[in-house]
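The block underneath contains the structure these notes are about, expressed in structure tokens.
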Amino acid sequence: MSDHPERPLSAVRRELRIERAVLGIVVHGYARDSYGAGDAFADLAAAEPTMLEVFPLLLWALQRLPRGVGEPTELRDRLTTLYSVPDEETGDA
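According to the numbering used here, the sequence shown is numbered sequentially starting from 5.
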């Protein structure tokens, strides 16, 4: 038996979009990229998340900020992974 119950694909995609937006705000804000942070904030606003959805992600991201701009981190790795997941199904099947 799986530890992960079946969830609707649309709900999972929404969670990933919210996570990607929150991490994007933190990473772009840290790098002083106002355009990227604004774009990520617009993506977050479009998903209309609750504070309970945003706050744990925000805490996780802030705890993983790098000490230097060039330093690789778990935060950037996670954001890269999230961008590799498509928002919608493609017709390649």
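We put the CB at the ideal spot given by N, CA and C, even for glycine.
As the structure is a computational prediction, the values presented were derived from the model and not from experiment.
Residue i - DSSP class collapsed to helix/strand/coil
| i | result |
| --- | --- |
| Pro-60 | helix |
| Leu-69 | coil |
| Met-5 | At Met-5, the pLDDT of 46 sits below 50, so the modelled position is not reliable; the number obtained from the coordinates is stated separately. Correct three-state label for Met-5: coil. |
Where the alpha helix (DSSP H) containing residue i begins and where it ends
| i | result |
| --- | --- |
| Ala-15 | 13 to 34 |
| Thr-84 | 78 to 87 |
| Asp-43 | 38 to 51 |
Residue from the options whose Cα sits closest to the Cα of residue i
| i | options | result |
| --- | --- | --- |
| Thr-54 | His-32, Leu-86, Glu-23, Pro-12 | Glu-23 |
| Phe-45 | Phe-59, Ile-29, Arg-71 | Ile-29 |
| Gly-40 | Arg-82, Glu-52, Leu-27, Ala-51 | Leu-27 |
| Asp-81 | Pro-90, Glu-92, Ala-65 | Ala-65 |
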